[in-house]
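So the structure is just underneath, and the comments pick up after that.
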Amino acid sequence: MTSAAVAVVQPPLEEADAPLPTLLEIFGQLHCRPDIPNEVYHADRSCVSVSGMKEILRSPAHFQAYLQGANRKETAAMFLGTAVHARLLEPDLYASEYVVAPVSDKRIKEYKEFEIANANRKILTPDQMAVIEGIAHSVGNHASATTLLRAGLVEHSIIWQDEETGIWQKIRPDCLCVDFDTGICLDVKKTTDASKAAFVRSCVNYDYDLQAAVYLEGLRQVFKRDFDFVFLPVEETAPYGCALYGAPMEMLDRGQRRYRQALRLLKECRENGEWPGYQPAGDYDILDWPRWAA
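My numbering puts the sequence shown at residues 195 to 488.
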């Protein structure tokens, strides 16, 4: 793991409202650490994440709303996705933090009593448990996926400063395999369809190209070597199909262009103090009608 001196700077005013210590305050001289709690990482506003970049590309106004915590309520799908990640990547943590309720119906007395008795743990319903174990079984039968998960560094937090814009960034890769000639960054994605044709559409719809480009840049800056970005999509319904897909060069090229666009736009907004929405000048535009609707 590479260590280098980090010039600790004060976070921008619009990002300084996190109640927990910022990553710039606690990282010291390390760019990569395994001991940052998940809640500290996600609460941090001193460094920009991929989620923040997605919002700035939507509009600067959406980025500001994101920083202020708008629409950040955890959904059932997000809760299940976090549990799946814990089961695959951190089984010991999963065993200590999660517990399964005796019934799935949260309205009945038996569930409510169980909830009170396990107030300090994350409660899964039997249906959710079946999905999680189905996914774990499927991934366990995929030889290459199992090898990477066993060989990797899990949930390490990484920060670095962009040379062009001076913006501090952060990533938290699911799994890093550093013992190969070319490192591998493995990212687990819960999905409805893990087939090759369907998952590439998910990559476009959910900005996975941007994520891959940001992660690879951060790893290159910190580890001073190249990494490949590999997806492990897992289906959330039986038979819980899974697959391993490497990010193609066309995807990474598009992600890199959007990555630089996001950083430059963020730098401009910080300098002029303006955070416009979709149409800053209040102008008028024509919709681009899609070919599939013709």
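Yeah, the Cβ is synthetic: ideal placement off N, Cα and C, and Gly gets one too.
- Annotation for Asp-422: no alpha helix (DSSP H) segment contains it, though the beta strand (DSSP E) segment containing it runs 421 to 429.
- Counting along the chain, Ile-352 sits inside no alpha helix (DSSP H); it lies in the beta strand (DSSP E) bounded by residues 351 to 355.
- Ala-488 and Met-247 do not touch by the CB rule: their CB atoms are close to 33 Å apart, not below 8 Å.
- Distance from Ser-243 to Lys-384 at the Cβ level is roughly 19 Å; contact not present, criterion being Cβ atoms closer than 8 Å.
- DSSP places Leu-318 in the uninterrupted beta strand (DSSP E) bounded by 316 to 318.
- Counted as a single uninterrupted DSSP element, the stretch harbouring Gly-435 is not any alpha helix (DSSP H), since DSSP gives it neither H nor E.
- Boundaries of the alpha helix (DSSP H) around Val-394: 390 to 399.
- The Cβ atoms of Ala-388 and Cys-436 sit closer than 8 Å to each other.
- Here Ala-280 is not near Gln-322, since their CB atoms are 8 Å or more apart.
- Counting the other CB atoms within 10 Å of its CB gives Leu-481 a total below 16, which places it among the exposed residues.
- By the neighbour-count definition (other C-beta atoms within 10 Å, threshold 16), Gln-262 is an exposed residue.
- Using a Cβ-Cβ distance cut-off of 8 Å, the region 437 to 457 and the region 394 to 409 are in contact, since at least three pairs of beta carbons, one from each stretch, lie closer than that value.
- Asp-229 carries a coil assignment under DSSP once its states are collapsed to helix, strand and coil.
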